[in-house]
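Undergrad:
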Ligand code: SAM
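In the numbering used here, the protein residues as written are 1 to 327.
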């Protein structure tokens, strides 16, 4: 079979699907989740078989190589193991990852690994229990740390920690998070706040550029050695700490130094909406192209049209809510 690359309007090849499995999430992160989603449930949306046939088509005919399951929180889907199985058995998915709040990983990480999940990114905004609860709406820091440790034991590696950094929030916690990364040998990635979601209108006051985060770490970091950029365009460093240990730190800089020119992503949400860009509006829906069974021509037409609308650079403010699209 001949493969045709999916190219967007500026000829960026699409290799990476970020699939939001649900709007539901157990957390209420202040920068992510608006109050109107409080009651969102985990049911409905694309079914495991629909996801499997869609991903198989993208891999075999369009050269997709990477899939990330996100949300909401993917663990809110009762059929998550089935979804992982459907996708992991597709030859050609070289990288199957999941982004999660980590609350239930201590119970389920081994099952996810056995079903074929490759690795996890876990959100951890603070190592101060009260600040963690204030930022996420859940007194769950210990559960998340247990989840990180269980993911490491289950081999869902490399485990990466995601921390959204807020002025008047967790900026002071960065040294402790680097210490944590050094002690567990996990990579911690500090994320610049994006002007969308509940803090969209306070963005200018709460945003911390990566340069300021880096300054904040000078008290604990002795030496910064740049590493090759990650597939997610993080600016990565192997650092030597002042106490001699080493750690891996990434900065995800959508605002101070956007990585749009290298963007190879396509986003599809649980209701079938297609988002060519995280900060742009949805451009069509694939739902009628996958139900009752995959109509590949119709599916390709929806994606081709959406990719013609993929902006060369992300807009300056987001239209949608990250927890719906899957950050
Ligand atoms: N529930 C999962 C989690 O907690 O990681 C996955 C979904 S969450 C929307 C995915 C990522 O988006 C997380 O790393 C989160 O921190 C990030 N995120 C959410 N809102 C953001 C914002 N306004 N700016 C930057 N990153 C954001």
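Every residue, glycine too, gets a C-beta built ideally from N, C-alpha and C.
Compare the Cα-Cα distances from residue 131 to each of 187, 167 and 268 and report the closest residue.
TA: Stepping through the chain shown from its first residue, residue 131 is reached at position 131. The shortest Cα separation from residue 131 among 187, 167 and 268 belongs to 167.
Undergrad: At a cut-off of 7 Å, would you count residue 101 as near the ligand SAM, judging by its Cβ distance to the nearest heavy atom?
TA: For the purposes of this step, residue 101 is identified with residue 101 of the chain shown, where counting begins at 1. Correct: residue 101 has its Cβ closer than 7 Å to the ligand SAM.
Undergrad: Drop a sphere of 10 angstroms on the beta-carbon of residue 101, count the other beta-carbons inside from all chains shown, and report buried for 16 or more, exposed for fewer.
TA: Along the chain shown, one-based indexing puts residue 101 at 101. By the neighbour-count rule (16 or more Cβ atoms within 10 Å), residue 101 is buried.
Undergrad: Going by the beta-carbon positions, is the gap between residue 247 and residue 178 smaller than 8 Å?
TA: Taking the chain shown and counting its residues from 1, one reaches residue 247 at position 247. Taking the chain shown and counting its residues from 1, one reaches residue 178 at position 178. In contact: residue 247 and residue 178 (Cβ atoms closer than 8 Å).
Undergrad: Got a sec? Which residues, its chain only, sit under 7 Å from residue 95 by beta carbon, not counting five neighbours each side?
TA: Numbered from its first residue, the chain shown carries residue 95 at position 95. 65, 66 and 118.
Undergrad: Within 10 angstroms of its Cβ, does residue 62 collect 16 or more other Cβ (buried), or is it exposed?
TA: Along the chain shown, one-based indexing puts residue 62 at 62. Burial call: buried.
Undergrad: Suppose the cutoff is 6 Å on Cβ atoms and the five residues either side in sequence are ignored; what does the same chain contact list for residue 75 look like?
TA: Indexing the chain shown from 1 puts residue 75 at position 75. These residues qualify, in order along the chain: 100 and 104.
Undergrad: Ignoring anything shorter than 3 residues or poking outside the region 237 to 305, list the beta strand (DSSP E) runs there in chain order.
TA: The qualifying runs are 246 to 252 and 265 to 268.
Undergrad: If we ignore side chains and look at the alpha-carbon of each, how far apart do residue 216 and residue 165 end up?
TA: As a working mapping, residue 216 is identified with position 216 in the chain shown. As a working mapping, residue 165 is identified with position 165 in the chain shown. Residue 216 and residue 165: Cα-Cα distance of roughly 12 Å.
Undergrad: Give me the Cα-Cα distance between residue 213 and residue 296, rounded to the nearest whole angstrom.
TA: Translated into positions along the chain shown, residue 213 becomes position 213. Translated into positions along the chain shown, residue 296 becomes position 296. When rounded, the distance between both Cα atoms is 46 Å.
Undergrad: Is the separation between the beta-carbon of residue 274 and that of residue 285 shorter than 8 Å?
TA: Position 274 of the chain shown, counted from the start, is the residue given in the question as residue 274. Position 285 of the chain shown, counted from the start, is the residue given in the question as residue 285. Result yes, Cβ atoms of residue 274 and residue 285 sit closer than 8 Å.
Undergrad: Within a Cβ cutoff of 6 Å, which residues of the same chain sit near residue 8, ignoring the five residues on either side of it in sequence?
TA: The count along the chain shown starts at 1 and reaches residue 8 at position 8. Closer than 6 Å at the Cβ level, and outside the excluded window around residue 8, lie 307 and 310.
Undergrad: From what residue to what residue does the alpha helix (DSSP H) around residue 186 run?
TA: To locate residue 186, count along the chain shown from 1; it is residue 186. No alpha helix (DSSP H) holds residue 186; DSSP gives it neither H nor E.
Undergrad: Considering just the uninterrupted stretch of the alpha helix (DSSP H) at residue 57, what are its terminal residues?
TA: Along the chain shown, read from residue 1 onward, the residue named residue 57 stands at position 57. Counting along the chain, the alpha helix (DSSP H) containing residue 57 begins and ends at 48 to 62.
Undergrad: Determine, using beta-carbon pairs with one atom in the region 183 to 198 and one in the region 146 to 161, whether at least three such pairs fall under 8 Å.
TA: Yes, the region 183 to 198 is in contact with the region 146 to 161.
Undergrad: Could you spell out where the beta strand (DSSP E) holding residue 121 opens and where it closes?
TA: Indexing the chain shown from 1 puts residue 121 at position 121. Where residue 121 is concerned, the enclosing beta strand (DSSP E) stretches over 119 to 123.
Undergrad: Given residue 139, which residues of its chain have a CB within under 6 Å of its CB, disregarding the five upstream and five downstream residues?
TA: As a position in the chain shown, residue 139 is number 139, starting the count at 1. 133.
Undergrad: Taking only three categories from DSSP, how would you classify residue 175?
TA: Position 175 of the chain shown, counted from the first residue, corresponds to residue 175. Helix, per DSSP.
Undergrad: Check residue 24 in the structure and name its three-state DSSP category.
TA: Residue mapping note: residue 24 aligns to position 24 of the chain shown, counting from 1. Coil.
Undergrad: Give me the Cα-Cα distance between residue 200 and residue 258, rounded to the nearest whole angstrom.
TA: The residue given as residue 200 occupies position 200 in the chain shown. The residue given as residue 258 occupies position 258 in the chain shown. Spanning the two alpha carbons is a distance of roughly 18 Å.
Undergrad: Are residue 239 and residue 46 touching if we call contact CB-CB under 8 Å?
TA: By one-based count along the chain shown, residue 239 stands at place 239. By one-based count along the chain shown, residue 46 stands at place 46. No, Cβ-Cβ distance for residue 239 and residue 46 is not below 8 Å.
Undergrad: Can you check DSSP and say which residues form a bridge with residue 98?
TA: By one-based count along the chain shown, residue 98 stands at place 98. Per DSSP, 69 and 120.
Undergrad: Mind checking residue 223: buried by the 16 CB within 10 Å criterion, or exposed?
TA: The residue labelled residue 223 in the question sits at position 223 within the chain shown. Flag for residue 223 reads exposed.
Undergrad: Quick check: the Cα distance between residue 267 and residue 129, rounded to an integer number of angstroms?
TA: Counting from 1 along the chain shown, the entry for residue 267 is found at position 267. Counting from 1 along the chain shown, the entry for residue 129 is found at position 129. Their Cα atoms are separated by approximately 33 Å.
Undergrad: May I ask you to check if the CB of residue 123 is nearer than 7 Å to at least one heavy atom of the ligand SAM?
TA: Residue mapping note: residue 123 aligns to position 123 of the chain shown, counting from 1. Yes; taking the cut-off as 7 Å, the Cβ of residue 123 has a heavy atom of the ligand SAM nearer than that.
Undergrad: Of the choices 203, 196 and 192, whose alpha-carbon is the least far from that of residue 211?
TA: Taking the first residue of the chain shown as position 1, residue 211 is located at position 211. The candidate whose alpha carbon is nearest that of residue 211 is 192.
Undergrad: My understanding is that residue 48 touches residue 83, with C-beta atoms under 8 Å, so please give their C-beta distance in whole angstroms.
TA: In the chain shown, counting from the first residue as 1, residue 48 sits at position 48. In the chain shown, counting from the first residue as 1, residue 83 sits at position 83. Between residue 83 and residue 48 the Cβ distance is about 5 Å, and since that is below 8 Å, they are a contact.
Undergrad: State the CB to CB distance for the pair residue 124 and residue 71, rounded to an integer number of angstroms; the pair is presumed to be in contact (CB under 8 Å).
TA: Counting from 1 along the chain shown, the entry for residue 124 is found at position 124. Counting from 1 along the chain shown, the entry for residue 71 is found at position 71. About 17 Å separates the two Cβ atoms, so there is no contact after all.
Undergrad: Check whether the Cβ of residue 164 lies closer than 7 Å to any heavy atom of the ligand SAM, and answer yes or no.
TA: Residue mapping note: residue 164 aligns to position 164 of the chain shown, counting from 1. Flag set: Cβ of residue 164 near the ligand SAM.
Undergrad: Starting from the C-beta of residue 85, find all residues in its chain whose C-beta is less than 7 Å away, skip the five residues before and the five after it, and write them out in chain order.
TA: As a first step, residue 85 must be located in the chain shown, where it is residue number 85. Hits under 7 Å: 115 and 116.
Undergrad: Can you round the beta-carbon distance between residue 219 and residue 173 to whole angstroms, since I take them to be within the 8 Å contact cut?
TA: For the purposes of this step, residue 219 is taken as the residue at position 219 of the chain shown. For the purposes of this step, residue 173 is taken as the residue at position 173 of the chain shown. At roughly 13 Å, the Cβ-Cβ gap does not stay under 8 Å, so residue 219 and residue 173 are not in contact.
Undergrad: Go through the region 204 to 234 residue by residue and report every complete run of the beta strand (DSSP E) that reaches 3 residues or more, in order.
TA: Listed in chain order, they are 221 to 226.
Undergrad: What are the start and end residues of the alpha helix (DSSP H) that includes residue 145?
TA: If you number the chain shown from 1, residue 145 lands on position 145. 141 to 154 is the extent of the alpha helix (DSSP H) around residue 145.
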